[in-house]
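Notes follow the structure.
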Amino acid sequence: MEKQKKKKGGGTMGRRVVSFARLIQLASIVAGTCAASFGPFFIDGGLDAIQQILRRLVPFQRGLNQAYWAGNFWALYTACDRILLKYQLARGLRVDPSIVHSTSRGLIGDTVFGVLPPITPNTCLSVTLGFMMIVMTKLWQDPTYTRFLKSIILSALTSFLFGWHVHEKAALLFLVPLTLIPAEDYYLDRTWLVASLAGISGLFPLLIRSTETPFKLIFTFIWLGTCSKLFKRNLHRPSVSNLMILVTKLE
């Protein structure tokens, strides 16, 4: 889809022309990638192998949260449910013991909420698609390379925040493309730095041995200090209000 510019003396502005050649090219890339990924499994095991892969890619039976909670919206939602549940226990109200430990035992299984309404896969899908449509609408109105890249990042971030049974490693889906744009301005750099630090911290539980703790902390602080120094040297920090200074300090 190409956007025409207005010429001197007349012409149209804002009209878009659909390029079917580019559409076919994009569709061919998607179809070729899927064929290269699933083709060998289909040849070896037929439809049964494909169905097995799809069941593992979409683990509805494993519950809303992964064993180690990913730092997304549903982790906050579940934490609020735990707090409300503890409040009910403190007041002496009767609570099912299986609900108390259903989301904090560190095992794979369905998430059972004690106070807040339960979340279904359809709920996750609806919320994810709803936020994606906001991003895609803006991209449709202004289809530029920079906005396209940002749309990919925001779509991946939306999937991480509101997806079903999200792993902490899924943060790489938006962190990797996010590394392509932080050098554009100061605010994008700050966004990348905060998001990357949060993503790295979310991976800490995967290194479970106590002897590994000093190494993961030391390497993280070295990375953080190096990136902060490089960006402060190469990027101009714009004048901001006192409120923005406070927000920056809190970050």
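Here my numbering is used: the first residue of the sequence shown is 196, the next is one more, and so on. Just so you know, even glycine gets a beta-carbon here, dropped at the ideal spot from N, CA and C. On a predicted model such as this, the values are computed, not experimentally measured, just so you know.
Residue i and residue j closer than 8 Å at C-beta
i: Asn488; j: Phe357; result: Only positions 196 to 446 of the chain appear in the structure, and residue 488 is not among them; the question remains open.
i: Gly397; j: Ala265; result: yes
i: Thr323; j: Thr353; result: yes
i: Asp276; j: Phe237; result: no
i: Phe369; j: Ala393; result: no
i: Thr306; j: Leu271; result: no
i: Leu279; j: Val290; result: no
i: Trp359; j: Phe255; result: yes
Below-8 Å beta-carbon distance, residue i vs any chain C residue
i: Asn267; result: Of the protein chains in this structure there is only one, and it is not chain C.
Assumed close pair residue i, residue j - CB separation to whole angstroms, cut-off 8 Å
i: Leu373; j: Trp387; result: 5 Å
i: Gln283; j: Val310; result: 7 Å
i: Leu402; j: Lys411; result: 5 Å
i: Phe233; j: Ile245; result: 6 Å
Buried or exposed (CB count within 10 angstroms, at least 16 for buried), residue i
i: Lys345; result: buried
i: Gly325; result: exposed
i: Phe416; result: exposed
i: Gln261; result: buried
i: Ile348; result: buried
i: Ile179; result: Only positions 196 to 446 of the chain appear in this structure, which leaves residue 179 out of reach.
i: Glu363; result: buried
i: Val253; result: exposed
i: Phe355; result: buried
i: Ser423; result: exposed
i: Val361; result: buried
i: Phe215; result: exposed
Beta bridge counterpart(s) of residue i as assigned by DSSP
i: Val361; result: Asn260
* Asked: Is the number of C-beta pairs between the stretch 327 to 346 and the stretch 234 to 249 that are closer than 8 Å three or more?
  -> Counting Cβ pairs under 8 Å, fewer than three are found: no touch.
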